[in-house]
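Below: one structure, written as structure tokens.
Residue numbers (my numbering), protein chains in the order written: chain D, 1 to 114; chain L, 115 to 225.
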């Protein structure tokens, strides 16, 4: 079984401040982990993915995430928030194998204020 | 390259009516998925398919059926729509364990 927990359904930061969105996972096999972003009335777009290579993963738009096995975490960060980062962010885990289900967290809505 | 295309984009149904949502992908992906998105609940997997002619239940399959007769298409059917099925439905596809590509969603309202 696999699951994802995203702490904080809403996060508000000032423009230029650090963005930290939290994700903890549970998986019985080595996981593949993903962060997706969803802008209003749109589908989901991949930000970055971890597939057992480097533990620090860099994605698009200046985002990065670090895989920490000991903490079962995959938190998303960005050093300096921009107004255009306002969106909903989803963490997802794939447990591997042929029945490769992709399980999502409940999402975190990021608000960026001036 | 269209990616993943969902049809229709919007639909209003009356309780008890049936409908089929179509998902088409042009990336030759083996895996396809149907999710529903509800406020505060993230995306929940309804059904998925790991290849042509195969389907499997996800987390919330009740009230839905699916078919994968062609590799590029994955159909989601609602046999007798209920207000609880009001949601935004997303189709996705992937090649093996790689990232999933999503369609733009179908907003369904059941009245």
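No residue lacks a Cβ here, since even glycine has one placed at the ideal position from N, Cα and C.
Which partner residues does residue 146 of chain L have in the DSSP bridge list?
The beta-bridge partner set that DSSP reports for residue 146 of chain L consists of L:163 and L:207.
Closer than 8 Å is the cut-off here; do at least three beta carbon pairs connect the stretch 39-51 of chain D with the stretch 75-93 of chain D?
By the Cβ test, the stretch 39-51 of chain D is in contact with the stretch 75-93 of chain D, since at least three Cβ pairs between them sit closer than 8 Å.
With distance defined between alpha-carbon atoms, name the residue in D:95, D:83, D:55 and D:70 nearest to residue 76 of chain D.
Comparing Cα positions, the closest option is D:55.
Please list, in chain order, all residues of the same chain as residue 66 of chain D whose beta carbon is under 7 Å from its beta carbon, the five residues on each side excluded.
Around residue 66 of chain D, the same chain offers 55, 56 and 75 as residues with beta carbons nearer than 7 Å, after the five sequence neighbours per side are excluded.
When the distance is taken between beta carbons, is residue 188 of chain L closer than 8 Å to residue 133 of chain L?
No, they are not a contact pair.
What is the rounded straight-line gap between the Cα of residue 151 of chain L and the Cα of residue 222 of chain L?
Using only the alpha carbons, I get a separation of about 11 Å.
For residue 105 of chain D versus residue 23 of chain D, is the C-beta spacing smaller than 8 Å?
If you check the CB distance, residue 105 of chain D and residue 23 of chain D come in under 8 Å.
Give a yes or no on whether the C-beta atoms belonging to residue 4 of chain D and residue 112 of chain D are separated by under 8 Å.
Not a contact, by the Cβ cut-off of 8 Å.
Which residues, taken in chain order from the stretch 30-55 of chain D, show a beta carbon closer than 9 Å to some beta carbon of chain L?
Result list: 32, 34, 36, 38, 41, 42, 43, 44, 45, 46, 49 and 51.
DSSP puts residue 133 of chain L in a beta bridge; with which residues?
Bridge partners of residue 133 of chain L: L:192.
Closest Cβ-Cβ distance between residue 107 of chain D and chain L: below 8 Å?
Contact with chain L is found for residue 107 of chain D, since one of that chain's Cβ atoms lies less than 8 Å from the residue's Cβ.
Taking 8 Å as the threshold (C-beta atoms), are residue 217 of chain L and residue 204 of chain L in contact?
Yes.
Short CB-CB distance (under 8 Å) between residue 156 of chain L and chain D
Yes, residue 156 of chain L counts as interfacial toward chain D.
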